[in-house]
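These protein sequences, in sequence, are chains A and B. Residues 18 to 572, numbered by our numbering, are exactly what the first sequence covers, in order. Residues 18 to 572, numbered by our numbering, are exactly what the second sequence covers, in order. Just below is one structure, and these are the notes that go with it.
Protein chains: 2
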Amino acid sequence: MLSQLSSLFFSKMNMVSTSDHASVVSMNMFVALLCGCIVIGHLLEENRWMNESITALLIGLSTGVVILLISGGKSSHLLVFSEDLFFIYLLPPIIFNAGFQVKKKQFFRNFITIIMFGALGTLVSFIIISLGAMAIFKKMDIGSLELGDYLAIGAIFAATDSVCTLQVLNQDETPLLYSLVFGEGVVNDATSVVLFNAIQNFDLTHIDHRIALQFGGNFLYLFFASTLLGAMTGLLSAYVIKKLYFGRHSTDREVALMMLMAYLSYMLAELFYLSGILTVFFCGIVMSHYTWHNVTESSRVTTKHAFATLSFVAEIFLFLYVGMDALDIEKWRFVSDSPGTSVAVSSILLGLLMVGRAAFVFPLSFLMNFSKKSHSEKVTFNQQASIVIWWAGLMRGAVSMALAYNQFTRSGHTQLRGNAIMITSTITVVLFSTMVFGLLTKPLILFLLPHPKHFTSASTVSDTGSPKSFSLPLLEGRQDSEGDLVNHDEETNHRPIARPGSLRMLLNAPTHTVHHYWRKFDDSFMRPVFGGRGFVPFVPGSPTEQSTAPLIERT
Amino acid sequence: MLSQLSSLFFSKMNMVSTSDHASVVSMNMFVALLCGCIVIGHLLEENRWMNESITALLIGLSTGVVILLISGGKSSHLLVFSEDLFFIYLLPPIIFNAGFQVKKKQFFRNFITIIMFGALGTLVSFIIISLGAMAIFKKMDIGSLELGDYLAIGAIFAATDSVCTLQVLNQDETPLLYSLVFGEGVVNDATSVVLFNAIQNFDLTHIDHRIALQFGGNFLYLFFASTLLGAMTGLLSAYVIKKLYFGRHSTDREVALMMLMAYLSYMLAELFYLSGILTVFFCGIVMSHYTWHNVTESSRVTTKHAFATLSFVAEIFLFLYVGMDALDIEKWRFVSDSPGTSVAVSSILLGLLMVGRAAFVFPLSFLMNFSKKSHSEKVTFNQQASIVIWWAGLMRGAVSMALAYNQFTRSGHTQLRGNAIMITSTITVVLFSTMVFGLLTKPLILFLLPHPKHFTSASTVSDTGSPKSFSLPLLEGRQDSEGDLVNHDEETNHRPIARPGSLRMLLNAPTHTVHHYWRKFDDSFMRPVFGGRGFVPFVPGSPTEQSTAPLIERT
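This is how it looks when you write it as structure tokens:
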């Protein structure tokens with residue numbers, strides 16, 4: 018059986034058969050469009066409104082229109098959005114690169130805040146959207162939707178796409194905001210997918226306490242097992258590369274091994290029915306913390322940029338694809354009878370996701386604000402920043418599309434009226450939020466945070482008390498992967514002892530304590546075994562790291 | 018039609034559906050095996066006999082055996098060798114990287130020699146193998162083979178695989194040999210594929226002068242049009258990157274654009290029914306000559322190593338795949354009745370390809386030798402080196418496999434006895450030549466060229482006369498892409514005026530004259546327009562190139 022299926026798997030890989038000339042044409046078109054997106058995105062870089070995602074989306078839409086006209090409006094499919102293409106080829110490089118390039122110190126210092134926004138917030142969003150959809154849609158004439166469908170709608174529209182916002186925010190000027198939005202985005206992606214899978218796998222016809230508990234347990238298991246698997250794969254790559262020290266002979270071997278191990282971590286997660294997104298994200302973090310320091314300078318430059326490039330291309334590919342796919346006629350056929358219903362459903366969903374997001378962003382921000390005020394700090398962060406955080410999560414993107422296709426095209430090809438409406442509504446919401454909200458992002462942020470420099474300095478000035486450990490690390494703009502070891506001792510000295518009894522400390526003390534012990538453990542055991550900055554075997558004739566650092570930072 | 022086929026194309030891309038767990042298993046296995054090949058290949062690097070190709074082949078074979086045992090010997094397919102996978106995904110990065118990393122000066126100085134070995138030699142090989150197979154196989158009991166089949170056999174077994182030899186030869190110690198074997202390998206690949214396509218497209222039932230002329234014209238058209246297309250795409254990428262100068266903003270954009278343009282050149286060639294191999298090879302050459310100099314330092318390091326890594330992984334993937342595929346039971350079923358015939362056919366083919374190669378390597382070497390003797394040079398090159406060149410082309414690899422599958426599995430799945438025998442014979446020849454000849458390569462070269470240093474110096478000492486331009490550039494070990502401009506003026510001064518009347522000059526003078534005028538044209542027109550070393554727009558604050566050069570060379 019294995020061999021038969023693997024033959025299936027390989028026969029499926031033949032994307033373009035040499036005899037199939039039309040698919041060569043479309044492939045050429047697609048690659049040329051990708052090049053066009055890069056060039057146009059570069060030309061529009063200084064533009065106030067545009068960014069690469071919207072450019073790709075618009076180009077995709079226009080191409081779709083052109084093809085629709087050429088084919089005489091007959092073609093039912095322009096490009097079929099394949100969720101497998103998305104989950105197997107496009108998402109892994111994007112998420113891995115996110116983990117690989119994340120400023121680890123920022124991420125881990127804010128770990129609890131990020132998890133609260135990402136996981137708890139997504140749950141709140143999911144519940145509000147599901148309940149709202151259930152309450153409103155049941156009164157409307159949109160075909161038969163079951164409980165599982167409503168829950169799926171909640172998971173689908175809880176998946177945010179913060180790419181637009183991240184392209185505008187400056188990592189050095191507003192590091193706290195950036196790390197929050199970024200971290201929330203990753204955790205949110207993972208949470209939505211895990212939620213979605215849990216919904217599909219559970220029998221939801223009769224819910225009781227036991228099943229709800231099982232559901233929660235399953236969710237936690239997926240979360241921790243996936244994280245662990247990613248960390249293990251990353252450590253394995255670090256250990257192998259450190260032990261064998263490939264660099265003396267071949268940069269290519271090191272780079273190849275890092276790429277393959279990263280992909281292996283994702284595939285292993287799929288193998289064990291875990292969340293590949295979380296796994297590959299933590300694999301990226303571990304690889305940048307250990308493995309990256311064990312390889313030669315050329316390998317470091319290469320991996321840093323090669324991973325970023327793959328992620329960049331995958332993102333453009335994705336938006337181009339979503340843009341072209343939106344014009345698939347067959348999906349719109351069912352809706353064309355009652356355009357009013359479709360617009361209503363889309364508007365309701367847009368409203369729900371705005372409410373669902375506001376329902377956790379502002380309370381959580383208030384909580385953070387309150388905990389800070391209890392230490393008589395004057396932080397300018399909350400008013401504008403919480404609006405930015407709220408805004409950053411309003412866009413919906415490819416994850417929502419992929420999940421919607423998975424849920425609503427399984428039973429027949431959108432033949433059911435309810436399914437067809439949900440698919441078109443998802444497309445509408447994705448297009449509208451990405452284009453309208455996305456276009457407004459840059460002006461909005463420039464309006465809310467007009468002097469980011471001022472903003473940063475305002476907070477830095479205020480660190481007169483002991484909670485420096487909270488305000489400073491969150492707002493400092495230090496290049497993390499470059500300064501991990503150098504600044505290490507200095508910072509451990511500054512770290513205050515946790516004072517119980519304050520809500521702020523309740524939120525942050527565990528992170529800091531864990532972080533402190535982790536540092537000790539890292540220095541005394543992990544780094545000597547797995548390598549990492551300062552623990553790389555000495556290579557005679559190898560130039561110092563400093564010669565490479567400016568080369569990397571310059572981009 | 019276009020849209021329907023493009024939907025087909027994208028639906029085919031879903032290699033692994035999330036529900037199809039068994040294909041996830043096989044994909045995990047494959048990625049893990051790739052990692053294993055890299056690690057084991059590294060550990061065996063100092064070994065006298067092994068190299069990465071043979072390691073991958075052996076690991077593939079053993080895995081095949083294990084899977085065969087697990088499935089109880091029932092499975093008819095382990096992994097189906099898909100020629101599309103090979104020609105669309107694996108071959109382009111390998112050939113592009115070959116062009117990108119080739120020492121351009123060496124390659125172009127020896128252009129005529131390389132073309133003679135690569136194109137003329139392949140033709141000779143093709144004719145001898147076709148005629149030999151026709152003469153011998155017709156007397157044997159191996160089913161019905163037509164004229165087209167015999168010609169295809171000639172093209173299939175004229176395609177050499179010089180990877181094994183190139184892994185052993187040292188580019189710096191024996192640059193002439195290396196560039197000859199390397200250049201011949203690329204030209205040979207292209208020639209075989211072009212020949213093969215020409216055979217399949219022509220009606221060969223009644224041959225006359227007109228068709229033979231058409232065939233030749235078609236061949237030449239493919240050759241020049243493909244080259245031109247590759248050069249144009251490369252120049253376009255250079256022009257775009259120079260004009261827009263991405264580097265100030267993003268390394269990722271530059272790297273992405275180079276990768277996409279390279280792939281686009283290959284796909285464009287497919288679109289126009291040209292030879293993608295030749296196109297992507299010349300695109301690589303042009304990109305390394307112009308585009309590579311227009312990008313930032315980080316982009317240079319990244320592209321250099323990223324392309325090499327992709328090529329490296331593709332090669333290992335290929336050998337692993339060939340190893341696993343060799344155990345497909347169905348193909349062997351037809352042959353198992355008469356194992357004697359199969360062994361006989363394989364032996365005859367092996368003999369034919371050895372004779373076919375000897376038939377042009379030794380005469381051509383003699384010609385080169387003769388032309389040199391007429392200038393009273395004492396070159397130690399010919400005796401041993403021509404054996405090495407002959408040996409380097411004895412291995413058959415993935416190109417032969419892919420072509421054989423294309424020819425002999427089209428009409429029913431190897432149901433015809435003749436087809437089945439040809440497929441299994443191809444596998445046997447590929448395995449035998451790669452394993453046995455491949456294993457012997459390292460010892461043979463060490464035996465024939467025991468003191469490569471000595472070999473080089475012997476020739477360098479002899480350059481007392483005017484033909485320095487022939488002996489020195491062929492044997493010098495200069496890193497070409499680093500020193501293109503610096504050594505340029507010095508060398509043009511040294512170049513002698515061609516003396517007519519000698520066979521050697523007849524071979525080499527055109528190359529040099531062309532090379533000379535090309536240089537002038539390059540400096541006065543091409544480089545100012547398309548960039549290239551020394552003609553990159555000045556960037557304030559950008560460090561000099563010298564800071565990167567050691568970083569690149571160190572690997």
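Backbone N, C-alpha and C fix where the C-beta goes; we use that ideal spot for every residue, glycine too. The structure displayed is predicted, hence computed values, not measured ones.
Cβ of B:D540 within 7 Å of any heavy atom in the ligand SAH?
This structure lacks the ligand SAH, and indeed carries no ligand of any kind.
For the alpha helix (DSSP H) containing B:D539, list its first residue and its last residue.
Element bounds for B:D539: n/a, residue is neither H nor E.
Determine the contact status of A:M412 and A:F454, defining contact as a CB-CB distance below 8 Å.
yes
Could you give the residue range of the alpha helix (DSSP H) that holds B:A343?
Taken as a continuous stretch (DSSP letters only), B:A343 belongs to no alpha helix (DSSP H), as it is neither H nor E.
Give me the subset of the stretch 39-56 of chain A whose CB atoms are less than 9 Å from a CB atom of chain B, sorted by chain position.
A39, S40, V41, V42, S43, M44, N45, M46, F47, V48, A49, L51, C52, I55 and V56
Would you verify that the beta carbon of B:S315 is, or is not, closer than 8 Å to some beta carbon of chain A?
Between B:S315 and chain A, the shortest Cβ-Cβ separation is below 8 Å.
Specify the secondary structure class of A:D206 as computed by DSSP and reduced to three states.
helix
Chain-ordered neighbours of A:R270 on chain D, where CB pairs are closer than 7 Å:
In the structure shown, chain D does not exist; the protein chains are A and B.
Just the C-alpha distance for B:T481 and B:Q123, rounded to the nearest angstrom, thanks.
For B:T481, the predicted structure reports a pLDDT of 32, less than 50, and the residue's modelled location is therefore unreliable. A value from the coordinates is still provided. B:T481 and B:Q123: Cα-Cα distance of roughly 21 Å.
B:T326 at chain A interface by Cβ criterion, 8 Å:
With 8 Å as the cut-off, B:T326 counts as an interface residue toward chain A.
For A:E287, which residues in chain B fall below 7 Å Cβ to Cβ?
Within 7 Å Cβ-Cβ: V41.
When the distance is taken between beta carbons, is A:L295 closer than 8 Å to A:T244?
yes
Tell me the residue span of the alpha helix (DSSP H) that contains B:R126.
K121 to R126
Interface residues of chain B around A:F583 at Cβ under 7 Å?
The requested residue 583 of chain A does not occur in the structure, where chain A is confined to residues 18 to 572.
Under the three-state reduction of DSSP, which class applies to B:D101: helix, strand or coil?
Correct three-state label for B:D101: helix.
Within 8 Å, strictly: CB atoms of A:T308 and A:L74
no
Is A:T308 close to chain B? Criterion is C-beta to C-beta, closer than 8 Å.
A:T308 does not count as touching chain B.
Contacts of A:T319 in chain B (Cβ-Cβ under 7 Å)
Neighbours of A:T319 on chain B, chain order: V318, T319, H322 and A323.
How many angstroms separate the CA atom of B:V119 from the CA atom of B:T358?
43 Å
Counting only beta-carbon atoms, is B:V257 nearer than 8 Å to chain A?
yes
If you run the structure through DSSP and keep just helix, strand and coil, what is A:S488?
Note that A:S488 scores a pLDDT of 31, beneath 50, so its modelled location is shaky; the value from the coordinates is reported in the next line. Reduced to three states, the DSSP call for A:S488 is helix.
Distance cutoff 8 Å, beta carbons only. Does A:M284 sit that close to anything in chain B?
yes
Rounded distance between the beta-carbons of B:A343 and B:G53, thought under 8 Å:
With a Cβ gap of about 18 Å, B:G53 and B:A343 do not count as contacting.
Local Cβ density within 10 Å of A:I302, reported as buried at 16 or more and exposed below that
buried
So that I know if they touch, is there some Cβ in chain A lying closer than 8 Å to that of B:M385?
For B:M385, the answer is no, since every Cβ of chain A falls outside 8 Å of its Cβ.
Measuring only the C-alpha atoms, how far is A:S40 from A:W407?
42 Å
Ordered along the chain, which non-local residues of its own chain (more than five positions away) have a Cβ less than 6 Å from that of B:L168?
S147 and I216
So with Cβ pairs under 8 Å, would you call A:Y195 a contact of chain B?
no
Spatial distance of B:Y262 from B:L448 (CA atoms):
48 Å
When you compare the stretch 152-165 of chain A with the stretch 196-214 of chain A, are there three or more beta-carbon pairs, one atom per stretch, that lie closer than 8 Å?
no
Chain-ordered neighbours of B:L335 on chain A, where CB pairs are closer than 9 Å:
Ordered by position in chain A, no residue passes the 9 Å Cβ test against B:L335, which lies about 13 Å from the chain.
Relative to the C-alpha of B:L137, which candidate in B:L186, B:Y106 and B:F236 has its C-alpha closest?
Considering only alpha carbons, the answer is B:F236.
Where the alpha helix (DSSP H) containing A:D166 begins and where it ends:
Counting along the chain, the unbroken alpha helix (DSSP H) around A:D166 starts and ends at L164 to A175.
Rounded to a whole number of angstroms, what is the C-alpha to C-alpha distance between A:L433 and A:Y422?
13 Å
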